[in-house]
Each structure stands twice: as structure tokens, then as C-alpha cells.
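First the structure, in the form of C-alpha cells, and then the observations on it.
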Amino acid sequence: MVAVVPTSSAKGAVVTRRKSRTGYFLLLPGMTWLAIFFAIPFVTLFMTSLQAPVPGKSGQYTPAFQLSNYPDALAEYWPQFLRSFIYAGIATVLALLIAYPLAYFIAFKAGRWRALMLVLVIAPSFASFLLRTYAWKTILADEGFITTFFNYLHLLPDDRILNTGIAVIAGLTYNFLPFMILPLYAALEKIDPRLLEASNDLYASAFKTFRKVTWPLSLPGVVAGTLLTFIPAAGDYINSELLGSTKDRMIGNVIQTNFIEFRDYPTASALSFVLMAAILVLVFTYIRRAGTEDLL
Amino acid sequence: MGERLQRNVEDLHLSNLTKKFGDVAAVDDLTLTIPAGSFFALLGASGCGKTTTLRMVAGLEDPTSGRIAIGEKDITALRAFQRPVNTVFQSYALFPHLDIFENVAFGLRRRGIKKVEPAVNAMLELVELAPMARRKPTQLSGGQQQRVAVARALINEPDVLLLDEPLGALDLKLRRQMQIELKRIQTEVGTTFVHVTHDQEEAMTMADTIAVMNAGRIEQLGDPASIYELPHTVFVANFLGQSNLFAGTRVATNPGMLEVLANGVKFLVPTARNSAPGDEVIVGIRPEKMTVLDIPDREKVPSGNNALEGRVVDVSYAGVSTQYLITLAWGQNITVFEQNVVVGDRSSVGDQVLVHWSPEHTFGLAGGETLLATTAQAIAAGV
Chain H
105 MVAVVPTSSA
115 KGAVVTRRKS
125 RTGYFLLLPG
135 MTWLAIFFAI
145 PFVTLFMTSL
155 QAPVPGKSGQ
165 YTPAFQLSNY
175 PDALAEYWPQ
185 FLRSFIYAGI
195 ATVLALLIAY
205 PLAYFIAFKA
215 GRWRALMLVL
225 VIAPSFASFL
235 LRTYAWKTIL
245 ADEGFITTFF
255 NYLHLLPDDR
265 ILNTGIAVIA
275 GLTYNFLPFM
285 ILPLYAALEK
295 IDPRLLEASN
305 DLYASAFKTF
315 RKVTWPLSLP
325 GVVAGTLLTF
335 IPAAGDYINS
345 ELLGSTKDRM
355 IGNVIQTNFI
365 EFRDYPTASA
375 LSFVLMAAIL
385 VLVFTYIRRA
395 GTEDLL
Chain G
15 MGERLQRNVE
25 DLHLSNLTKK
35 FGDVAAVDDL
45 TLTIPAGSFF
55 ALLGASGCGK
65 TTTLRMVAGL
75 EDPTSGRIAI
85 GEKDITALRA
95 FQRPVNTVFQ
105 SYALFPHLDI
115 FENVAFGLRR
125 RGIKKVEPAV
135 NAMLELVELA
145 PMARRKPTQL
155 SGGQQQRVAV
165 ARALINEPDV
175 LLLDEPLGAL
185 DLKLRRQMQI
195 ELKRIQTEVG
205 TTFVHVTHDQ
215 EEAMTMADTI
225 AVMNAGRIEQ
235 LGDPASIYEL
245 PHTVFVANFL
255 GQSNLFAGTR
265 VATNPGMLEV
275 LANGVKFLVP
285 TARNSAPGDE
295 VIVGIRPEKM
305 TVLDIPDREK
315 VPSGNNALEG
325 RVVDVSYAGV
335 STQYLITLAW
345 GQNITVFEQN
355 VVVGDRSSVG
365 DQVLVHWSPE
375 HTFGLAGGET
385 LLATTAQAIA
395 AGV
């Protein structure tokens with residue numbers, strides 16, 4: 105009896121170990137991908153950001169530990185950094201203001217049109233990002249309807265929209281709007297309409313019900329949507345490139361020019377790292393402040 | 015709490031209340047007064063209009079026509095959040111982002127009451143959930159969530175508390191426990207409770223007054239015992255408990271007693287217990303009022319009792335009672351419940367038996383209705 109028991113339990117142990125390994129195998133493709141295309145380039149990029157120029161040879165750098173690349177890059181490009189966050193911030197707020205009522209309508213009022221409306225939200229994504237941004241060049245052109253209209257009302261400081269910060273923000277808002285709508289919709293759609301009835305029954309007017317029930321319950325969607333809009337918008341350079349002037353350049357443009365035109369790889373790498381770090385810090389503070397951890 | 019008892023609670027009046035969805039009247043010209051402080055049950059199968067009635071009282075559904083008033087005050091035009099009425103929802107609908115304390119405090123806070131702690135704590139005490147105040151609804155069991163829903167509604171001291179199938183999601187044992195609990199709370203606070211349910215046993219155990227609803231109308235209204243003992247329609251006879259029904263024709267009217275001939279058998283029905291206006295009468299009797307005898311014991315049947323002969327086709331022993339299914343000469347099956355007070359001596363399948371009962375338990379219903387249609391309706395509704 106005593107001899108038999110350990111044998112059988114040992115067999116059981118083998119079986120369970122094999123089972124738990126399957127999970128790791130499933131992770132393998134993703135982890136490999138991440139290692140080759142993220143972890144290794146990440147390290148290379150960091151090493152590049154510390155390189156020193158080879159004297160007399162423009163565009164050539166040697167491995168070094170030149171930490172001063174960071175303060176130097178920041179000193180030179182902080183206005184573009186600041187502008188990136190301001191533009192991305194405004195675009196995120198605008199996208200939220202546009203997306204929330206739309207997502208609310210689709211989730212609660214659209215009925216049988218719901219699926220069609222969701223398709224319409226993502227339909228523009230079937231055309232290329234670049235193409236759509238070019239289209240905005242025409243939409244916001246100086247002689248275009250929109251510019252003429254706002255000029256008629258004397259609302260434009262420079263009498264134009266194209267090649268101003270307004271155009272860049274408009275482009276960012278437009279391009280990242282679906283990333284705001286979809287998580288908001290997903291969060292709102294999950295809300296049980298009976299909760300709204302219960303709130304109504306408990307002396308909350310429609311407005312109070314929104315403030316005390318709908319809004320807090322949709323916070324996970326708000327957080328997800330704002331992050332999915334803000335993060336890519338802050339690093340974007342296409343909108344600024346096509347719709348803005350040189351005065352409206354964002355940090356993405358600076359990194360791009362430093363890499364492609366100036367071939368100043370250490371500065372471009374250092375800026376990429378600072379951007380990444382800044383976004384991480386912002387995101388963590390934001391999630392903390394929104395207090396959505398236990399809602400998710 | 016003490017103030018509540020001195021508060022002038024008033025009756026809830028529904029007058030000619032109608033709600034149409036398209037062409038279908040979910041609630042059809044309903045007029046009803048629910049006395050202040052009573053435990054009132056709206057009983058019916060699903061789709062009978064009971065929930066729609068409740069939602070109209072809550073203000074969550076607008077009536078097509080008719081009027082809702084509490085005492086003299088017409089509340090028909092008031093929005094849900096303006097009505098002195100609160101609801102315990104079927105799914106509880108507790109706010110998942112708020113803890114139990116805040117769920118219960120919700121109504122008070124919305125009315126701008128600043129100091130909510132004493133009232134909330136007292137209410138949590140009443141439903142025995144004080145230690146759970148800081149938990150989230152998902153951390154509570156079904157029965158506890160149910161009590162939070164009751165507390166959240168009751169704390170507002172509504173004129174009327176509406177309960178929409180509040181025990182539907184609970185298992186049988188817990189449901190029995192909550193029935194007693196709800197009854198206790200109602201007695202303690204004295205608020206008018208309007209309870210919607212499809213469970214006839216639940217309605218009978220809890221309510222002072224039951225309104226049996228069918229197809230948007232009230233079939234019968236009264237206290238549980240009087241409805242059960244003397245149903246007025248075939249629907250009520252079949253929906254509230256079980257009945258054996260025989261369609262027949264009135265052949266004679268003696269003082270205080272009708273004679274009805276059905277399938278060649280003569281039945282006696284007290285005039286006072288007959289609700290059929292014409293000559294077509296459906297004779298009804300509850301299964302537990304009947305006694306089963308062996309054919310040779312015929313002389314034991316008291317004179318003046320109604321009696322039938324039949325053959326036992328099924329016997330189920332259910333502890334407290336034995337259930338017989340008996341086929342009569344004309345092929346109709348009847349059910350008889352016999353209390354298991356005698357040891358042994360039970361009829362068995364295939365026995366020819368005599369079933370008899372006293373006329374004083376017999377009731378007469380208006381004829382012309384099909385006996386099976388209503389049963390089928392009740393079965394279709396999952397009752």
C-alpha cells in the first residue's frame with residue numbers, strides 16, 4: 105500500500121506539470137516577436153542614444169556613454185515636446201467630447217442601427233491614414249468652405265486654418281477619434297439600463313443619473329479611450345507635417361528629421377526615450393488619479 | 015424610524031389605468047385601490063400585465079390612459095425621480111461602482127440630505143447587513159444583495175414600496191427565508207408594499223390582499239384564504255392552487271342549493287358559492303377537500319355529499335399527503351389529495367374508487383369557458 109501511493113502521485117505530478125507547460129508554449133510566439141522586434145531594438149536604441157560623434161565625420165558615431173545627449177536634446181527641443189503634449193491633450197479632450205455623445209447614442213439609443221453605426225465609425229480606416237490626412241489639406245484649404253465660413257465670422261487669428269496649429273489639432277482629433285469611440289462604446293454598452301432606472305427611481309434626475317451612475321461606470325472606457333488617443337497623438341508627426349507649418353512641429357517631426365535628414369542618431373534616440381518615459385509617467389499618474397483600477 | 019409610524023400613509027389609487035404596446039393592451043382599464051400599510055400582491059403569469067402595472071406606478075412607464083394617485087395627490091404626470099415611490103428591482107440593480115453603504119445612501123444623497131450615516135446604519139441594521147457596509151455588491155450573496163435592494167428603497171421612507179419579483183433569483187430555501195424576512199420588515203415599518211409575483215405560494219404566504227391578474231385585467235381580488243376557498247373564475251381556480259372542474263347545466267334551484275348536472279352526474283353547489291349568472295355552471299372542487307373510499311364503503315358517504323366513481327391511474331406518495339390521479343367514467347382525470355393520517359389502507363393503481371366531498375366546499379363558476387385553455391395558458395407561462 106505504502107509503496108503504491110507514491111508511484112501514483114508521482115504519475116499525477118507528471119501529468120499536471122505537462123499541462124501547465126502548455127501555457128508557456130502558447131506564449132512562445134508572442135515572446136519571440138517581442139524579443140526580436142522590441143527588446144533588442146530597445147537596447148540598441150538606448151545604446152545609440154549614448155553614442156558620441158566621430159570628430160570630423162558627420163553622421164558617424166562611436167559607442168560611448170555620453171549622458172549629456174539627453175539634456176542637450178531637451179534643451180534644444182523642449183518647445184516641440186511641450187507642443188506635442190498640448191496638441192495631443194487638446195485633441196484628446198476634443199475627441200472625448202465628440203465621441204462620448206456618439207458612443208452613448210450607439211450604445212443606448214441606436215437599436216437596430218447599432219451594428220451599422222459601428223461599421224461607419226471604423227469605415228474611414230479602410231482608407232490609408234496618409235490619404236485621409238491629405239484629404240484634410242483640401243478640406244481646410246484657404247479658399248475652402250470651412251476657412252471661408254470661419255473668416256466670415258472673423259474667428260481665425262491668422263485668417264487661415266491650414267498650416268496652423270488648429271489644423272494639426274483638427275487632424276489629430278479626426279484621425280484618432282475611432283480609438284476614442286470604440287472603448288467608450290464598449291464601456292457604455294456594458295451598463296445595465298436597469299441601473300439607470302434604479303437611479304431614476306431613487307430621486308436622481310436624468311442629469312444626476314448621468315453624473316452619478318453612467319459617467320462613473322463608463323470611466324474604464326474613458327481611460328482606455330483617452331490613452332489610445334493621447335499616446336499615438338503625442339508621438340504623431342504626419343498631421344503636423346501635412347497640416348501644420350514649421351512653427352507647429354511636434355516631437356515626432358523632430359525625431360524624424362534628426363534621424364532621416366540630420367542623421368543625428370544619438371539625439372533622435374535620446375528624444376525617443378524621453379518621449380517614452382514622459383508618456384509612461386503621464387499614463388501612470390493619470391490612471392492613479394482616475395482611480396479606475398478596481399473598475400477594470 | 016419612529017416618525018414613520020406616525021406619518022400619515024395614504025392609499026394608492028389606480029383608476030382606469032391602461033397601457034398599450036402597439037395594439038396590445040398590456041394593462042386594460044385597471045381600477046384598484048391598495049390600502050395604506052397593506053402587503054398587496056399582484057399575482058399572475060408572465061405577460062399578464064403585472065410588471066407593467068408596477069412600472070407605471072414607479073413612473074418608469076407612461077400609461078396610455080388612466081390615473082395614478084396616492085391619497086388625493088395625482089402622481090400620473092410626475093417623473094420617476096419625483097414620485098414618493100421606490101422599487102426593489104427583480105435583478106436588484108445595485109450600483110456596482112458603489113459600496114453597500116453608498117448604495118443605500120443613494121436616494122438620500124440625491125435628495126440633498128447631508129447627514130446620512132444614522133439613517134443608513136439603522137437601515138443596514140434592519141436588514142442585518144451592518145458588517146457589510148463597505149463591501150461592493152459583487153462581494154455579496156444573492157440573498158444579501160436582495161436585502162440591500164430592499165434597504166436602498168426603504169430608507170427613503172416611500173409612501174409605497176414596489177417589489178418586482180424580488181425573490182425570483184433566489185433558490186427555494188433562501189426564498190422561503192426571505193419571504194418571512196420581507197414580511198417582518200413590512201410589519202416593522204408599516205409601509206405599503208406592492209409585490210409582483212408569479213409564485214402563488216409566495217403571494218399567499220406574504221400578502222394580506224392578492225389581486226390575481228390575467229390578460230391585463232384583475233380576475234379576482236381578496237385575501238389569500240377567500241380567493242383560494244372561493245375562486246370566481248376558471249383562471250383563478252386553476253392558477254391559485256389546483257381545482258377539479260366539471261362543466262354542467264343547472265337543473266334545479268333549491269333553497270340555498272343549486273343542482274347541476276354534468277356528464278350525467280348530479281352535483282350540489284351552495285347558491286352563495288356560485289358565481290355563474292346563467293344556467294351553464296362549471297362545478298369546482300379543490301383536491302384536498304375530497305375523500306377517497308372503496309366502492310363497498312358506499313354507505314360511509316354522508317347524505318347530501320357530492321360523489322363520483324372512478325379508477326385510480328396514479329398514486330404519488332408525498333410525505334404529508336398522497337396524490338391520486340383518478341379517471342372518471344367519461345375519461346376526465348381528477349386529482350385528489352389525501353392527508354396521510356391513516357396508517358396503511360391506501361388505494362392503489364387500478365382500484366375502482368368512490369370520491370366524495372361536502373357541497374360546502376363546492377364552488378360554481380360561469381360556464382362557457384374551456385376548462386383546459388386556462389390550464390394550458392398557465393402551463394405555457396411556466397407555472
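Chains as they are written, first to last, in my numbering: chain H, 105 to 400; chain G, 15 to 397. Yeah, the Cβ is synthetic: ideal placement off N, Cα and C, and Gly gets one too. None of the values given here were measured: they were computed from a predicted structure.
Does any CB atom of chain G fall closer than 9 Å to the CB of residue i?
i                      : result
residue 113 of chain H : In this prediction, residue 113 of chain H has a pLDDT of 44, which is less than 50 and means its spatial position is unreliable; nothing more can be read from the coordinates.
residue 320 of chain H : yes
residue 298 of chain H : yes
residue 203 of chain H : no
residue 306 of chain H : yes
residue 293 of chain H : no
residue 317 of chain H : yes
residue 302 of chain H : yes
residue 213 of chain H : no
residue 162 of chain H : no
residue 351 of chain H : no
Let me check you understand the geometry: is the CB of residue i closer than 8 Å to at least one non-hydrogen atom of the ligand ATP?
i                      : result
residue 282 of chain H : Judged by which ligands are present, the structure shown has none, so any question about the ligand ATP falls away.
Consider the Cβ of residue i: report whether some Cβ of chain H lies at a distance smaller than 9 Å.
i                      : result
residue 251 of chain G : no
residue 419 of chain G : This structure cannot speak to residue 419 of chain G, because chain G is shown only from 15 to 397.
residue 149 of chain G : no
residue 403 of chain G : This structure does not reach residue 403 of chain G, given that chain G is present from 15 up to 397, and the question cannot be answered.
residue 156 of chain G : no
residue 77 of chain G  : no
Give the straight-line distance between the Cα atoms of residue i and residue j, rounded to the nearest whole angstrom.
i                      : j                      : result
residue 320 of chain H : residue 110 of chain G : 10 Å
residue 258 of chain H : residue 270 of chain H : 15 Å
residue 32 of chain G  : residue 50 of chain G  : 23 Å
residue 371 of chain H : residue 171 of chain H : 11 Å
residue 107 of chain G : residue 136 of chain G : 22 Å
residue 236 of chain G : residue 217 of chain G : 12 Å
residue 86 of chain G  : residue 76 of chain G  : 20 Å
residue 455 of chain H : residue 153 of chain G : This structure does not reach residue 455 of chain H, given that chain H is present from 105 up to 400, and the question cannot be answered.
residue 158 of chain H : residue 234 of chain H : 37 Å
residue 138 of chain H : residue 147 of chain G : 45 Å
residue 144 of chain H : residue 285 of chain H : 34 Å
residue 150 of chain H : residue 149 of chain G : 47 Å
residue 330 of chain H : residue 383 of chain H : 13 Å
residue 26 of chain G  : residue 247 of chain G : 26 Å
residue 166 of chain H : residue 141 of chain H : 23 Å
Should residue i be labelled buried (16 or more other beta-carbon atoms within 10 Å of its own) or exposed?
i                      : result
residue 112 of chain H : Any reading at residue 112 of chain H must be qualified, since the residue scores a pLDDT of 44, below 50, and its modelled position is unreliable; the value itself is stated next. Exposed, because fewer than 16 other Cβ atoms sit within 10 Å of the Cβ of residue 112 of chain H.
residue 17 of chain G  : Low confidence applies here, because residue 17 of chain G scores a pLDDT of 43, under 50, leaving its location unreliable; read the following figure in that light. Exposed, by the Cβ-count rule.
residue 283 of chain H : buried
residue 155 of chain G : exposed
residue 359 of chain G : exposed
residue 340 of chain H : buried
residue 376 of chain G : buried
residue 30 of chain G  : exposed
residue 214 of chain G : buried
residue 103 of chain G : buried
Please look up how many angstroms separate the CB atoms of residue i and residue j, rounded, as I've assumed it's under 8 Å.
i                      : j                      : result
residue 220 of chain G : residue 53 of chain G  : 6 Å
residue 177 of chain G : residue 209 of chain G : 4 Å
residue 380 of chain G : residue 290 of chain G : 4 Å
residue 323 of chain H : residue 394 of chain H : 6 Å
residue 353 of chain G : residue 335 of chain G : 5 Å
residue 155 of chain H : residue 355 of chain H : With 8 Å as the limit, residue 155 of chain H and residue 355 of chain H do not qualify as a contact, their Cβ atoms being about 20 Å apart.
residue 365 of chain G : residue 326 of chain G : 5 Å
residue 345 of chain G : residue 295 of chain G : About 21 Å; that fails the 8 Å criterion.
residue 311 of chain G : residue 363 of chain G : The Cβ separation is near 19 Å, so there is no contact.
residue 283 of chain G : residue 174 of chain G : Contact doesn't hold; Cβ gap of about 39 Å is too wide.
residue 401 of chain G : residue 369 of chain G : A query on residue 401 of chain G cannot be resolved here, the shown segment of chain G reaching from 15 to 397 and no further.
Q. Would you call the stretch 247-255 of chain G and the stretch 307-323 of chain G touching, i.e. three or more CB-CB distances under 8 Å?
A. In short, these stretches do not touch, since the Cβ pair count stays below three.
Q: Tell me, please, whether the stretch 209-224 of chain H touches the stretch 372-389 of chain H by the rule of three or more beta-carbon pairs shorter than 8 Å.
A: Touching, no.
Q) With a cut-off of 8 Å, do at least 3 Cβ pairs link the stretch 230-243 of chain G to the stretch 32-46 of chain G? A) Touching, per the Cβ criterion.
(Q) Quick test of the definition: if touching needs 3 or more C-beta pairs under 8 Å, does the stretch 156-175 of chain G touch the stretch 186-203 of chain G? (A) The stretch 156-175 of chain G vs the stretch 186-203 of chain G: in contact.
(Q) With three or more C-beta pairs closer than 8 Å as the rule, is the stretch 199-209 of chain G touching the stretch 182-190 of chain G? (A) They do not touch, by the three-pair rule.
Q. Taking three-plus beta-carbon pairs below 8 Å as touching, is the stretch 116-136 of chain G in contact with the stretch 297-313 of chain H?
A. The way I'd put it, the stretch 116-136 of chain G does touch the stretch 297-313 of chain H; three or more beta-carbon pairs between them come closer than 8 Å.
Q) Is the stretch 342-359 of chain H in contact with the stretch 176-193 of chain H, if contact means three or more CB pairs nearer than 8 Å? A) Touching, yes.
Q) Counting Cβ pairs closer than 8 Å, one from the stretch 323-332 of chain H and one from the stretch 286-296 of chain H, do we hit at least three? A) A contact between stretches requires three or more CB pairs, one per stretch, nearer than 8 Å, and the stretch 323-332 of chain H meets this requirement with the stretch 286-296 of chain H.
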